[in-house]
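Residue numbers (the UniProt record's numbering): 1 to 181. Think of the CB as a built atom: it goes at the ideal place given N, C-alpha and C, for glycine as much as any other residue. For reference, the structure is listed below as structure tokens.
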């Protein structure tokens, strides 16, 4: 019953976010997932070391790890009308935790400083205010970027097998109009 309730709330969020400003969409989606999903690791949730869950899978379980939060926010914002080129899933090193971490970054323009949506905090901050994160690389359905290389695409997201598997899963869940370039 809880899973159905979470899925219905997610559908309502997707339906109601269409008319919001980009900033309001970011805040609504970030708050929604940060408040409704419990953080847990993949071993505890899925019995696997590294599993990338679709938003629907995360909502059914009611739990997510950092990749799952970022993935859910990415696809929700895409469905809310944020263009793919403004969103990137970004691998970082969380310095205080001394571990790999994933966040979602939003670029208002191609050259603007990204805003960081993170499950570790409800505050959406510019990347320059997140001294606790060291970017490694980022990607979306269109490409792959290495940190420190400016805004130049350095590869294809097709190089990321877990991402490709997730895109196929998302197509099966009805997100085929958003996930692929």
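In this chain, the beta strand (DSSP E) harbouring residue 137 covers 133-140. Taking 8 Å as the cut-off, the Cβ atoms of residue 90 and residue 135 count as close.
Between the alpha carbons of residue 51 and residue 27 lies a gap of roughly 26 Å.
If the five residues before and after residue 84 are omitted, its C-beta is found closer than 7 Å to the C-beta atoms of 78, 140, 141, 142, all from its own chain and listed in chain order.
With a 10 Å radius around the Cβ and a threshold of 16 neighbouring Cβ atoms, residue 25 comes out buried. As DSSP reads the structure, residue 39 sits in a beta bridge with 64.
In the structure shown, residue 50 adopts coil according to DSSP, grouped into three states. In this structure the region 119-132 lies against the region 28-36, because at least three pairs of beta carbons, one per stretch, are closer than 8 Å. Residue 126 counts as exposed, since fewer than 16 other C-beta atoms from the protein chains shown sit within 10 angstroms of its C-beta. In this structure, the CA atom of residue 76 is about 17 Å from the CA atom of residue 4. In the three-state reduction of the DSSP assignment, residue 26 falls in the helix class, which pools H, G and I.
With respect to the C-alpha of residue 158, the residue from 144, 169, 152 having the closest C-alpha is 144. A distance below 8 Å separates the beta carbons of residue 96 and residue 132. For residue 95, DSSP assigns no beta-bridge partner whatsoever. Nearest neighbour of residue 37 by Cα position, chosen from 57, 111, 154, 88, turns out to be 57. The Cβ atoms of residue 48 and residue 102 lie no closer than 8 Å to each other. When DSSP reads this structure, residue 145 sits in a beta bridge with 138.
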